[in-house]
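Step one of this worksheet: look at the structure below.
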Amino acid sequence: SSRDQRRYRQFGDLWRIDAAGGPGTRWQHLTTTATPIPRSGHRMAVTSSGHAVMFGGFSEDKRRRATYLSDLHALPLPSSSSADTGLTWHEAEVQGSQREGGGGPGMRSGCLVWAGGDDSVFVFGGARPKKTKKGRCTGEEGLVILEDLWRAQLAAPLSTTSSSSSGRPGVRWEKLEAQGQGPGARSGLCQCAVSSKSPGRRIVFGGVTDLKVQKDVVGKRGAAGSTEVALFHQDVFLLDCDGPGGSPIWTRLWPPPGAGLPSSFCSLKSSALPKELRERGGGCDAIVLAGGTSAGQLDPSKPGLPRGRIAAGCAVVAGALWLFGGACEAGPRQEVTLDDLWKLELSEEQDGTVTCSE
């Protein structure tokens, strides 16, 4: 980044490391052709057929003008380190009538992306710039936080028999309507598969909800004005995209039902916030704000409860959800980078039901 940390260099390079390697394992820089433009905020996943799939993100020019992206690229991964040459990216082309209608999730950054068991690719949420009065998306009006769910079916990528007329792999997008209670519109979520046998069943954790609240202090012009408060979440959800009937289903795993958490924080009254946050803005833990202790189920002061956060890392290993690090705000503009490690035991029944310890 630059010295003032306002400009960041974006990269378009590809690296590989052997996750099963022992101490001293080194990164390998791989050379590719038809490489997508350098970007940030994109997401990647690996399909069952061995393709890395990349979606979205944004690029910036020298004047810090951001261009949000909606492109989908596929890269066939080598089966061994000896085949790390001749790697070529392939940009997918929207097929059929969707091409004229701009079908698909559209431009966005910071979404969740994962691959299903049939080479399908799922996209959830993310953020994109609000449109200006002239209909342009410049980012000057802030960002829209999304909560839509999409599935992309790749037409056997890199196969000459099923590619589009341009020679690029084809893709068909489908918008999915999920049932149940999900996290809603949040930024900074993290996700992982319930197990390697169920890639379409995802654990989703945390994130942040930004709220605009009225200040208590009246300004010079006689109006109280408003400030932004960030609510950092530590709840755990299951999104099942492999269930019967084909309709994805959200389920909140933790905290359990009856723990005192509202279904939505969007209608929160400013009077529920600490005075310092109402006046100066900043961040707050969602469970603390919801008064979990009064429900008799959750006590945020106990050391056995992780604080709400964004950008954490998570994985399910041996039937337990492991969570590491992330970032949050504690009070008015006090940013905290976390390095704590947490474990939540999960239980998967024969009928596919997933529960967790309280």
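For the sequence shown, counting from 1, position 179 maps to 246 in the working numbering; every step adds exactly one.
Just so it is clear, CB atoms sit at the ideal spot from N, CA and C, and this is done for glycine as well.
E412 sits in a strand when the DSSP states are folded into three classes. Taking every protein chain shown into account, the CB of W181 has 16 or more other CB atoms within 10 angstroms, so this residue is buried.
Counting the other Cβ atoms within 10 Å of the Cβ of I212 gives 16 or more, which makes it buried. Shortest Cα-Cα distance from T155 to any of T102, L340, S126 and G123 involves T102. When the five nearest sequence neighbours on each side are left out, the beta carbons in the same chain lying within less than 7 Å of the beta carbon of A397 are those of G350 and V403, in order along the chain. In the DSSP assignment, W82 forms a beta bridge with H96. When rounded, the separation of the alpha-carbon atoms in G153 and V120 is 17 Å. CA-CA distance, R74 to R319, rounds to 38 Å. By the C-beta density criterion, S263 is exposed, having fewer than 16 other C-beta atoms within 10 angstroms. E244 sits in coil when the DSSP states are folded into three classes, being neither helix nor strand. For L213, the enclosing beta strand (DSSP E) starts and ends at L210 to L221.
In this chain, the alpha helix (DSSP H) harbouring L344 covers K342 to R347. Under the Cβ criterion (8 Å, minimum of three pairs), the region 92-110 counts as touching the region 125-137. I270 is a Cβ neighbour of V383, given a cutoff of 8 Å. Listed in chain order, the non-local C-beta contacts of S293 below 8 Å within the same chain comprise K279, V280, Q281 and K282, local neighbours out to five positions each way being set aside. A Cβ-Cβ distance of about 5 Å is found for the pair G273 and R376, placing them in contact under the 8 Å criterion. Taking V303 as reference, the option from W409, L340, R347 and G88 with the minimal CA-CA separation is W409.
Collapsing the DSSP output to three states places L256 in coil. For R268, the enclosing beta strand (DSSP E) has its first and last residue at S265 to F272. Between C178 and G380, the gap from beta carbon to beta carbon reaches 8 Å or more.
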